Amino acid sequence: MKKRTFLAAALAATMATGVAADGHEPTKVGFIYVGPIGDGGWTYEHHQGLLAVQEEFGDKVETMYQESVPEGADAERAMTQMALQGADIIFTTSFGYMDPTINVAEKFPDVKFEHATGYKRADNVSTYSARFYEGRAVQGHIAGKMTQSNKIGYIASFPIPEVIRGINASYLWAKKANPDVEMSVIWVYTWFDPAKEADAAKALIENGVDVVLQHTDSTAPQAAAAEAGGVVTFGQASDMSEYAPFPRVSSIIDNWAPYYIDRVRAVMDGTWESKDTWDGIAPGMVEIGEITDAVPADVKAEALALRDAIASGETHVFTGPLNKQDGSVWLADGETADDGALAGMDFYIEGLTGDIPN
Amino acid sequence: MDFGSINPVLLIASLMVASTPILLAAIGELVVERSGVLNLGVEGMMIVGAVTGFIVTVETQSPALGFIAGALGATLLSLVFGVLTQVFLSNQVATGLGLTLFGLGISALMGQEYAQLRTPTSPRWEFFGLDELPVIGPIAFNQHPLVYLSLILVIFVWWFLKTTRSGMILRAVGENHDAAHALGYSVIGTRFAAIAFGGACAGLGGAFLSLVIVPQWTDGMTAGRGWIALAIVVFASWKAGRVLLGAYLFGGISVLQLNLQAAGIAIPVELLSMSPYLITILVLVIISSGRASASGQAPASLGRAFHASG
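Protein chains in written order, with my numbering: chain A, 496 to 853; chain B, 1179 to 1488.
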């Protein structure tokens, strides 16, 4: 992987000299990925965004990326290196890159940074995220209807607001669809470790779960469910359609391409400014993958109606009356959660068991 | 203690499966290190085994051929390490690290076309109905063949190193290569054989990941298991039985903590997630702290280059 980055850098260097000679400096766009581009999930979709940028602007852009960059000190090194290579805009595509992005951005005030799923901004740092929880609500509804054992499992990565929102949204809507539903959450503390994700899925299944939702990036839980048989799964971040029509009955697809094209164009035009973007189903940043025929037609129709209601703004995923896990009131009757509360969500809603690790 | 919905029989059966890749890689590396060679490329060899095993299984539809190919692919990579360190006397630590980086890179390249494919599942063995027995059936008589092979390999390595003439030569080479050379034993030849064995074992472990545990190919899917295997060899103070204990402890507690979470047992998740690392290290350190110090148990020539003129 390092090798590939090196090649990309070498290529970038030769291209830069070649193109500068006739006076057209291409805009350099960098991406920092938390997993490999072949993960079939999260990083794969970001990379599709990179390819879309390339497609859109042709030789007016030069793209570079580094895969499997650990969240932590090493991320700063990778970003610094990219900035030194002359990147004009760098997308850092995981929550754990938040502080490294801010630190590196301070040192390179002329480079634009875009951090995915975080909340810290600066003059040259924007944040962007997708309202995955809108998609989770649709999944939750299907999950509640599909479970026979009334036990749903959730493979969670890290205890951050984005993940907690997903757990709450799917549980809430599963419960609305099926009041007897229970949810077990397993924290695996990784975004990408296929064997561990598979083990987590097997542990859930052995404990009686028959619908597995995941907030990790590989397709391993899908394979584990396929082997166990009779267990429903959903594609995460990417369509994962190779496991359709069963066990994967639907999916949440992250579509970053329009956003990336938009932001790169802003850099070219000189209109880029720091802002926070948080788009959901309506603008198409979150897509619901095809609901397969393994889902009964009436459930499918309900799920699609819910999707459309969320897109039109008619339904807000978190609408009161809604209590927190400890029974205290979070949202009064008819009240909807504001973005501030959602962005910092650090609690389970009523009915979920277990504690959120710190 | 109430274990809620956890079924202990299924738990033991699945911990054996989860531990097998680490056990295979660790038992191979143990032999390599006992011959005096430190190969830090286990992670790279595992992932090359994973990808070659997967590709061959997809192309031939035969998991058995896939496992053989996985072992061969990783052996080939280990021989590159062998040539560099034994013939050209390169630094073993640097070469081993290079092997890991190279393995990760080339596996990503080789696997590009195979990322989202599925393989035929490789069936477990069922011993003429013995697998129907309560408790013991699922644990002892209904596992994947490679689980049995890994256990046989541990016994074989223990027996080989302890009692056979070749095993003693291998240990002599690892303890004092100059003396072994003076006695007329082929230091380089012995080490090549050990390196190839280590490569084959790591490759099998990797193929077990991509063909049985996950089962599919994804970039970087070994996710650090090679490094854990290396650590287990050290903490097991280079003894085959303790490698088995270490690998099963690590794999077992990893699976147990996931099950405890799934069953909703009220133990803080932070504790559970670090427990495999903590407990494995603690137990192995405690059992090896009795007699000589840990450093005294390492093969004396470990990591040192050998040249006949020296």
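All C-beta atoms, glycine included, are put in the ideal place defined by N, C-alpha and C. Quick caveat: nothing in here was measured; it's all calculated off a predicted structure.
query: With a threshold of 6 Å on Cβ separation, who are the neighbours of B:Gly1352 within its own chain once the five nearest residues in sequence on each side are excluded?; result: Arg1212, Ser1213, Gly1214, Pro1477 and Ser1479
query: In chain A, which residues lie less than 8 Å from B:Ile1184 when you measure between Cβ atoms?; result: Glu701 and Asn702
query: Report the rounded CA-to-CA distance for A:Ala516 versus A:Thr522, giving the unit in angstroms.; result: Bear in mind that a pLDDT of 39 at A:Ala516, under 50, signals an unreliable position, so the model cannot answer this.
query: Tell me which same chain residues have a C-beta within less than 6 Å of the C-beta of B:Thr1263, skipping the five on either side of it?; result: Gln1270 and Thr1273
query: What are the residues that DSSP puts in a beta bridge with A:Asp834?; result: DSSP, once it has assigned bridges, lists no residue as partnering A:Asp834.
query: Could you give the C-beta distance for B:Ser1466 and B:Ser1415, rounded to a whole number, given that I count them as a contact under 8 Å?; result: 4 Å
query: If I measure Cβ to Cβ from A:Gly525 and keep anything under 6 Å in the same chain, skipping five residues before and after, which residues do I get?; result: Met559, Met577, Ala582 and Ile585
query: Quick check on A:Asp821: does DSSP put it in helix, strand or coil?; result: coil
query: What's the gap between the Cα of B:Gly1493 and the Cα of A:Ala611?; result: Lying outside 1179 to 1488, the shown extent of chain B, residue 1493 of chain B is not represented and no answer is given.
query: Run down chain A in chain order and give the residues with a C-beta less than 9 Å from the C-beta of B:Ser1451.; result: Trp682, Val683, Tyr684 and Pro852
query: Could you please give me the residues that DSSP links to A:Ser621 through a beta bridge?; result: A:Glu609
query: Hey, quick one: how far does the alpha helix (DSSP H) through A:Met678 stretch, first residue to last?; result: It is not in any alpha helix (DSSP H) - A:Met678 instead sits in the beta strand (DSSP E) that spans Glu677 to Trp682.
query: To be precise: take each residue of the segment 1442-1466 of chain B, compare its Cβ to all Cβ atoms of chain A, and keep it if any distance is under 8 Å. Which residues remain?; result: Gly1442, Ala1444, Pro1446, Val1447, Glu1448 and Ser1451
query: Between the alpha carbons of A:Ala827 and A:Pro816, how many angstroms are there, rounded?; result: 5 Å
query: Going by the DSSP bridge assignment, what does A:Gly525 pair with across the sheet?; result: A:Met559 and A:Ile585
query: With a CB to CB cut of under 7 Å and the five nearest residues on each side skipped, what residues in its chain are close to B:Ile1445?; result: Leu1438
query: Evaluate the contact criterion for the segment 703-720 of chain A versus the segment 749-767 of chain A: three or more CB pairs, one atom per stretch, below 8 Å.; result: no
query: Take A:Val620 and list the residues in its own chain whose beta-carbon comes closer than 7 Å to its own, dropping the five residues that flank it on each side.; result: Thr596, Ile597, Ala600, Phe608, His610 and Ser769
query: Mind checking who A:Glu782 pairs with in its DSSP beta bridge?; result: A:Ile748
query: Starting from A:Lys795, trace the alpha helix (DSSP H) in both directions and tell me its first and last residue.; result: Ala792 to Ser807
query: Quick check on the DSSP output: the alpha helix (DSSP H) that includes B:Leu1287 runs from which residue to which?; result: Gln1270 to Gly1289
query: Can you give me the C-alpha to C-alpha distance between A:Asn853 and B:Gly1419, rounded to a whole angstrom?; result: 38 Å
query: If you measure from the beta carbon of B:Ala1436 to each beta carbon in chain A, is any gap under 7 Å?; result: Per the sequence shown, residue 1436 of chain B should be read as Leu rather than Ala. Yes, B:Leu1436 lies at the interface with chain A (some Cβ there is under 7 Å from its Cβ).
query: Pick helix, strand or coil for A:Gly533, following the three-state DSSP scheme.; result: coil
query: Counting only Cβ-Cβ distances shorter than 9 Å, please list the residues of the segment 1396-1414 of chain B near chain A, keeping chain order.; result: Thr1396, Asp1397, Gly1398, Met1399, Thr1400, Ala1401, Gly1402 and Arg1403
query: Measure how close the beta-carbons of B:Leu1255 and B:Gly1398 come, nearest whole angstrom, since I'm counting them as under 8 Å.; result: Their Cβ separation, rounded to whole angstroms, is 16 Å, which puts B:Leu1255 and B:Gly1398 out of contact at 8 Å.
query: Could you list the residues in the segment 526-538 of chain A with a C-beta less than 8 Å from some C-beta on chain B, going in chain order?; result: Gly530, Pro531, Ile532, Gly533, Asp534 and Gly535
query: Check whether the Cβ of B:Gln1239 lies closer than 6 Å to any heavy atom of the ligand GTP, and answer yes or no.; result: With respect to small molecules bound, the structure shown includes none, and the ligand GTP cannot be examined in it.
query: Mind reading off the beta-carbon distance from B:Ile1410 to B:Ile1200? Whole number of angstroms is fine, and I expect it under 8 Å.; result: 7 Å
query: Could you give the residue range of the beta strand (DSSP E) that holds A:Phe729?; result: Val727 to Gly730
query: Mind checking who A:Ile647 pairs with in its DSSP beta bridge?; result: A:Met678 and A:Val706
query: What residues from chain E crowd round B:Pro1393, counting only those whose CB sits closer than 7 Å?; result: Among the chains of the structure shown, chain E does not appear; the protein chains present are A and B.
query: Count the other CB atoms within 10 Å of the CB of B:Gln1290; is the residue buried (16 or more) or exposed (fewer)?; result: exposed
query: By DSSP's criteria, A:Arg743 is part of a beta bridge. Which residues make up the other side?; result: A:Thr728
query: Counting only the same chain and skipping the five closest in sequence on each side, list residues whose C-beta sits under 8 Å from that of A:Ser644.; result: Gly703, Val704 and Asp705
query: Look up A:Trp773 in the DSSP assignment and give the residues it is bridged to.; result: A:Ser624
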